[in-house]
Amino acid sequence: MTHYGKALLVTALFALTACQSASKPDTSAAASHDPETDQCGASQYQNYVGQPLSTLDNKRFAVPVRAIPWNSAVTMDFNLRRVNFAADQSGKISRVYCG
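With mature numbering (1 follows the signal peptide of the UniProt record, and there is no 0) as the guide, the letters of the sequence shown map in order to residues -22 to -1, 1 to 77.
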């Protein structure tokens, strides 16, 4: 095997390792009252879980808010002061978190 082939193999292994080590955020952390993980105040909006995402249509919030329908594309920017409302397949809010 050439040096180029070995380097390519090692690079591929590192890439796969990086993908596998990435994990989904813990949903229980979203309800945390820790000021470091709850900078947007998501803990005070946990009562929206189970309600239709459309509930947010006429609401005003003091912080930036993002409503995320099921299986939709969103930007990957991470804003600790923004509250995200993620909906499930039925259109109900399944998760409220900062980010």
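Even glycine gets a Cβ: it sits at the ideal position worked out from N, Cα and C.
Computed from a predicted model, the values in this text were never measured in an experiment.
{"Asked": "Between phenylalanine 63 and valine 74, how many whole angstroms is the CB-CB distance? I'm expecting something under 8 angstroms.", "Found": "6 angstroms"}
{"Asked": "Tell me the residue span of the beta strand (DSSP E) that contains phenylalanine 63.", "Found": "61 to 65"}
{"Asked": "What residue range does the beta strand (DSSP E) around cysteine 18 cover?", "Found": "Cysteine 18 -> no beta strand (DSSP E), and no H or E assigned at all."}
{"Asked": "Might you give, ordered along the chain, the residues of its own chain that have their beta carbon closer than 8 angstroms to the beta carbon of valine 41, omitting 5 neighbours on each side?", "Found": "Cys18, Gly19, Arg59, Arg60 and Val61"}
{"Asked": "Compute the Euclidean distance between the alpha carbons of phenylalanine 56 and proline 47, then round it to the nearest angstrom.", "Found": "18 angstroms"}
{"Asked": "Look at glycine 69 and leucine 31 and say whether their C-beta atoms are less than 8 angstroms apart.", "Found": "yes"}
{"Asked": "Whole angstroms are fine: how far does the CA of aspartate 35 sit from the CA of methionine 54?", "Found": "23 angstroms"}
{"Asked": "Using CA coordinates, which residue listed in Lys37, Gly28 and Phe39 is at the minimum distance from glutamine 67?", "Found": "Gly28"}
{"Asked": "State the Cα-Cα distance for the pair glutamine 22 and phenylalanine 39, rounded to the nearest angstrom.", "Found": "12 angstroms"}
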